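Going by the UniProt record's numbering, the first residue of the sequence shown is number 1, and it counts up by one from there. Here a beta-carbon is modelled for each residue, glycine too, at the ideal position from N, C-alpha and C. Keep in mind that this is a model prediction, so the values were computed, not measured. Structure first, then comments.
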Amino acid sequence: MDFYENEDKNGVRYSWNVFPSSKLELDQLVVPLGSLYTPLKQTQDLLTVNYNPVSCNGCKSILNPYCQVNYQNKTWICPFCHQRNSLPQGYHSITSTNLPAELIQTYTTLEYKLSRAPPPGVCYLFVLDLCTDPDEFELVKESLLEAITLLPENAVVGLITFGKHVRVHELTFSQLPKSYIIRGDKRHSTESVKEMLELPKMPIVLEREDLTNNKSNSHPVSTIHRILQKASDCEFVLSTLIEQLRPSSWPVIRGQRPDRAVGNAIHVAESILSSRTGAGRIIALLSGAGTVGPGSVVGFERTQAIRSHHDLLKGNAKYTIPAKKFYHEIAERASQNSHSIDIFSVAFDQIGLFEMISCPRLTGGCVCVCESYKHENFKKSFNNLFQPNSYHFDARIQVKTSKNLQYIGCLGNCSSAIPQKKKKTSISLSETSVYKNLMQKSSQLRIATVTNNQTFAFQFDLVQKKPNQDQNESSKNQQQQQQQQQQQQQQQEIGLIQYLTLYQHHEGNWRVRVTTTAHRIVSTKTQFQTIKYGFDQEAASVLVARKSMNKTESENPKNIIRWLDKNLITFSTKFGTYAKNQPRTFQLEQNFSLYPQFMFNLRRSPFLKIFGYSPDETSFHKHCLFQENVQNSILMFQPMLFQYSMTDVPKPVLLDSSSVKKDCILLLDTFFVVLVWRGKQIAKWVKLGYQEQEEYKDFKTLIQMPIRDAQNLIKDRFPYPRFVQCNQGTSQARLLQSRVNPSKRYTRSNEKVQQFSNLQTDNENENEGLTDDVSFEVFMSHLKNFVCKN
């Protein structure tokens with residue numbers, strides 16, 4: 001079964017591509033039944049049609065190749081709710097040989113261009129932190145000036161700066177700049193912000209004439225017109241304003257942090273955007289943690305350190321809970337208004353991303369963490385926001401399932417499209433979901449900004465079969481019931497799932513992408529081998545990783561590692577072949593063999609081994625995991641390692657300490673960091689300048705090859721990863737040593753002290769390091785013992 005072909009065709013991968021026949025059988029498979037769906041994946045064979053889709057009158061699912069069509073009566077039966085529907089007038093000429101695209105088996109994914117009025121232009125509202133070092137401030141101004149030139153032609157733009165107070169800039173006059181100042185140390189409601197800025201209370205449509213003509217009888221419209229302008233109309237004014245900006249002049253007492261009203265700045269930005277209709281982006285450029293007003297995450301005194309993972313586990317972070325609640329409220333409002341919130345953290349210390357992570361998570365916003373505005377990862381990531389083909393807006397995803405399946409929820413950077421107060425129990429929703437934090441249980445999801453590679457994890461369940469009803473009815477009713485039973489038996493042989501994605505295309509029109517997949521439903525008692533053949537270990541590993549990250553919201557990572565170990569033992573017992581009390585006989589089939597390795601590396605990854613990482617870094621890693629597709633997610637917890645040497649062609653090697661040799665170059669790709677590592681011998685030759693000599697041109701090619709390959713890996717990646725070059729034995733080399741499997745290691749025990757001291761001179765042991773982690777061999781040995789003996 002080719003999982004990659006299905007992903008290239010439909011943008012979806014399932015943990016189990018053949019479904020079991022009951023809930024009990026599904027529970028016995030250990031790994032949950034779920035999918036990883038990339039709704040806007042760009043494929044070569046994607047067909048786009050210029051008409052509206054045909055939907056079912058009952059469940060609103062879309063006409064697809066799995067529908068039963070009566071060509072004589074011009075009707076079709078919905079495979080999801082079994083309702084009979086009439087075909088529109090335009091379909092009355094179809095026959096079994098003359099079919100529309102949506103009924104052809106090869107077009108299980110189809111995109112419709114809707115005949116709806118085009119949406120207004122996207123608004124880009126920049127929120128700039130003025131409490132920034134002067135040199136860094138000049139760099140961020142350069143980036144902003146460049147960003148203005150990259151904005152789409154129909155885009156609307158605005159600017160907010162903040163320090164102790166929040167300043168909303170007008171973009172109308174260049175000679176006499178004006179602005180509104182809002183106190184940053186006081187909590188303001190959305191209504192009070194609109195009243196202070198004289199904005200309309202209800203969102204309005206800013207038509208083209210409203211942006212060009214200042215109507216005297218429409219004061220609220222003219223006010224928002226002065227704050228939000230079309231980028232093409234105010235480019236000179238905005239450029240002049242940015243060039244004249246200066247860092248905050250508010251005095252900072254020695255030993256204290258600057259007054260920084262981060263929370264109020266983002267709150268004011270969302271209040272302004274809520275005064276107009278249409279999609280919007282709040283792009284926050286932050287240089288430090290909030291210390292003033294709502295959303296503050298740390299006190300003024302620098303002696304008071306910002307919270308750590310230890311403080312969070314012990315409940316010693318007094319700012320965290322109110323700050324998380326404040327930002328969550330902003331995120332929910334922004335999501336319902338189709339506004340995304342992007343956060344760029346540019347600081348050496350934490351800025352409070354852990355508290356405000358719900359803003360990008362619920363809205364589909366972007367997150368970038370770096371140390372300086374001059375770094376390449378900031379510049380590339382920031383410019384990527386304005387690429388015309390990379391982002392789409394105001395997306396809504398619906399999931400439809402056939403009657404033998406249940407939709408549980410979604411794990412991804414999205415929110416429910418149904419407001420909390422209006423949520424109703426849906427037939428297709430499971431009532432017993434184990435997720436309480438990040439899982440979106442609604443079958444209608446909303447994403448303010450969505451990328452071509454953004455991937456969502458959906459989990460499903462089997463429906464318990466109901467007992468047969470009594471047959472004490474009239475003959476006419478019995479015939480109807482028999483026909484329905486025949487139809488249901490045909491449908492019960494397969495499980496159907498349909499994904500509907502309505503979104504605003506970057507070209508400015510509305511589109512709907514429809515993906516319908518069908519899966520066999522068999523019994524594990526009679527066709528267990530068929531179910532095993534349909535297992536996708538990569539997709540399953542990513543689903544389990546997201547499920548683990550969901551559990552970190554309320555549980556200690558150590559408990560989650562124990563949960564992973566317990567599930568892996570149960571999984572290996574179910575699908576392994578072995579003789580009792582003989583661990584050496586344990587084996588897993590090919591499509592299961594990598595799953596224990598994925599779980600081993602997940603346990604050692606920064607997602608669960610949080611020592612040495614700040615809460616902000618962990619939140620950033622988790623946000624990216626919930627954003628990326630299968631291959632990129634695998635990289636995050638099981639990096640790729642490539643080897644370059646003079647005696648062999650470049651090749652991938654095991655992520656193992658045995659691959660770390662002094663006479664080779666290694667390329668490590670962890671998704672967040674791309675590292676080029678040179679062994680001691682290679683570094684010595686480079687220092688002697690052999691690469692500059694003509695007779696050693698092959699050596700020059702060798703040292704250039706991994707750098708070129710690294711640049712090809714990261715050129716289209718977002719967020720742009722950090723690129724590092726280092727030599728063996730340097731401080732940066734720990735990035736490699738911390739990720740490879742410690743197959744050869746030394747501990748601090750007394751009997752190993754002498755051996756560890758010999759590492760400094762023993763060339764044969766240069767690939768070994770000091771670590772307390774168990775190796776993969778020891779891990780598998782314990783796993784086999786548990787499975788075979790217990």
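DSSP places residue 368 within a strand segment (E or B) once states are collapsed to three. Straight-line measurement puts the Cα of residue 108 at about 22 Å from the Cα of residue 93.
Under the three-pair Cβ rule at 8 Å, the region 599-616 counts as touching the region 546-558.
Apart from sequence neighbours up to five positions away, the residues of its chain that approach residue 121 with a beta-carbon distance below 6 Å are 154, 155 and 156, ordered along the chain. For residue 593, the closest of 305, 780 and 53 by C-alpha to C-alpha distance is 780. With respect to the C-alpha of residue 370, the residue from 386, 358 and 353 having the closest C-alpha is 353. When the alpha-carbon of residue 707 is set against those of 670, 347, 665 and 119, the nearest one is in 665. Within the same chain, Cβ atoms closer than 7 Å to the Cβ of residue 517 are found at 10, 12, 108 and 497, the five residues on either side in sequence being excluded.
Straight through space, the alpha carbons of residue 703 and residue 637 are spaced by roughly 27 Å.
Around the Cβ of residue 225, a 10 Å sphere holds 16 or more other Cβ atoms; the residue is buried. Apart from sequence neighbours up to five positions away, the residues of its chain that approach residue 380 with a beta-carbon distance below 7 Å are 720, ordered along the chain. Taking C-beta atoms as the reference points, residue 28 and residue 57 fail to come closer than 8 Å.
Taking the CA atoms as reference points, residue 561 sits about 34 Å from residue 679. Assigned with DSSP and collapsed to three states, residue 501 falls in strand.
Under the three-state reduction of DSSP output, residue 310 falls in the helix class. Taking 8 Å as the cut-off, the beta carbon of residue 284 is found no closer than this to the beta carbon of residue 164.
Inclusion of residue 299 and residue 264 in the CB contact set at 8 Å is not warranted, their separation being larger than that value. Secondary structure in the region 136-160: no beta strand (DSSP E) run of 3 residues or longer lies completely within the stretch. Here residue 717 is not near residue 449, since their CB atoms are 8 Å or more apart. For residue 280, there is no enclosing alpha helix (DSSP H); the enclosing beta strand (DSSP E) covers residues 280-286. Contact annotation, residue 80 with residue 130: C-beta distance approximately 54 Å; criterion of less than 8 Å not satisfied. For residue 319, no alpha helix (DSSP H) encloses it, and the DSSP letter there is neither H nor E. The Cβ atoms of residue 16 and residue 534 sit closer than 8 Å to each other. By the criterion of at least three beta-carbon pairs nearer than 8 Å, the region 381-392 is in contact with the region 134-148. Around the beta-carbon of residue 186, fewer than 16 other beta-carbon atoms lie within 10 Å, marking it exposed. Put simply, of 463, 454, 409 and 460 the residue whose alpha carbon is nearest the alpha carbon of residue 444 is 409.
Per DSSP, residue 238 is one residue of the alpha helix (DSSP H) stretching across 231-244. Below 8 Å, too few C-beta pairs join the region 359-379 and the region 304-316 to call them touching: fewer than three.
In the DSSP annotation of this structure, the continuous segment of the beta strand (DSSP E) that includes residue 111 starts and ends at 109-113. In summary, residue 34 is buried, with 16 or more beta-carbon neighbours lying within 10 Å of its beta-carbon over all protein chains present. Selection 740, 789 and 528 evaluated against residue 777 yields 740 as nearest (Cα-Cα). Residue range 123-129 is occupied by the beta strand (DSSP E) that includes residue 124.
In the displayed model, residue 418 falls within coil according to three-state DSSP, outside both helix and strand. Each residue's CA atom was taken as its position, placing residue 577 and residue 585 some 8 Å apart.
Looking at 541, 627 and 649, the one whose alpha-carbon comes closest to that of residue 601 is 541.
DSSP lists no bridge partner for residue 373.
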